[in-house]
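**Student:** In the working numbering, the protein residues as written are 8 to 144.
The beta carbon of each residue, even a glycine, is placed where N, CA and C say it ideally should be.
Let me give you the structure first, and then I'll get to my questions.
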Amino acid sequence: MITLPPDYRPSETEEFMNPLQVEYFRQKLLKWRADLLKEADETLASLSEGGIHEADITDRASVETDRALELRTRDRARKLISKINQALLRVENGTYGYCEETGEPIGLKRLEARPIATLSIEAQERHERMEKIHRDD
8 MITLPPDYRP SETEEFMNPL QVEYFRQKLL KWRADLLKEA DETLASLSEG GIHEADITDR
68 ASVETDRALE LRTRDRARKL ISKINQALLR VENGTYGYCE ETGEPIGLKR LEARPIATLS
128 IEAQERHERM EKIHRDD
């Protein structure tokens, strides 16, 4: 088990995906997942408090709209948790940080911004261009 210095940030001057970087991103992914799960628990607790007791129809509609939005947000979070779990599996098997398409390093800035990224910026742009071409057909 590797202990990270409290102020550690991955650097371009280090070897890509050295043990410190891997541990940094593993911890980042675990914290993100824990935060999402905590929010989901809070939503569940809020929704289980009971039905809508608003007498005014406008207030009731507002509460129902808020609940529907919260449920959509939770569904997105559920999908994100699945992607985080997949990223953690890549950490475990040593493929985290490398493009699924080319095998090249994804890049630290991209991983900082989107720790669940599976494609390098170039591969992602190619993928999006192909998606757009096929969508326009």
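1. Taking the alpha-carbon positions, what's the E71 to D82 distance?
2. What's the gap between the Cα of K38 and the Cα of L27?
3. Under 8 Å Cβ to Cβ from R16, same chain only, skipping five residues before and after it: list those, please.
4. Assuming the contact rule is C-beta atoms closer than 8 Å, R40 and I91 should be a hit. Round their C-beta distance to whole Å, please.
5. Three or more C-beta pairs under 8 Å: does that hold for the segment 123 to 133 against the segment 84 to 99?
6. L96 lies in the alpha helix (DSSP H); which residues open and close that run?
7. Verify whether the separation of the beta carbon atoms of G114 and M24 is less than 8 Å.
8. Taking only the alpha-carbon atoms, compute the straight-line gap between L49 and K139 and give it to the nearest angstrom.
9. Taking Cβ positions, are A120 and A84 nearer each other than 8 Å?
**Tutor:** In short, the structure shows the following:
1. For this step, residue 71 is matched to residue 64 along the sequence shown. For this step, residue 82 is matched to residue 75 along the sequence shown. Each residue's alpha carbon lies about 17 Å from the other.
2. In the sequence shown, counting from the first residue as 1, residue 38 sits at position 31. In the sequence shown, counting from the first residue as 1, residue 27 sits at position 20. Distance between the alpha carbons of K38 and L27: 16 Å.
3. Position 9 of the sequence shown, counted from the start, is the residue given in the question as residue 16. Y31, listed in sequence order.
4. Looking up residue 40 in the sequence shown gives position 33. Looking up residue 91 in the sequence shown gives position 84. Contact flag correct, Cβ pair sits at about 5 Å.
5. yes
6. As a working mapping, residue 96 is identified with position 89 in the sequence shown. Segment 64 to 100, the alpha helix (DSSP H) holding L96.
7. As a position in the sequence shown, residue 114 is number 107, starting the count at 1. As a position in the sequence shown, residue 24 is number 17, starting the count at 1. No, the pair does not count as a contact, with Cβ atoms beyond the cut-off.
8. Within the sequence shown, residue 49 is the residue found at index 42, counting from 1. Within the sequence shown, residue 139 is the residue found at index 132, counting from 1. The amino acid at residue 49 is misidentified as Leu; the sequence shows Glu. Roughly 38 Å between the two C-alpha positions.
9. Your numbering for residue 120 matches position 113 in the sequence shown. Your numbering for residue 84 matches position 77 in the sequence shown. Cβ atoms of A120 and A84: not closer than 8 Å.
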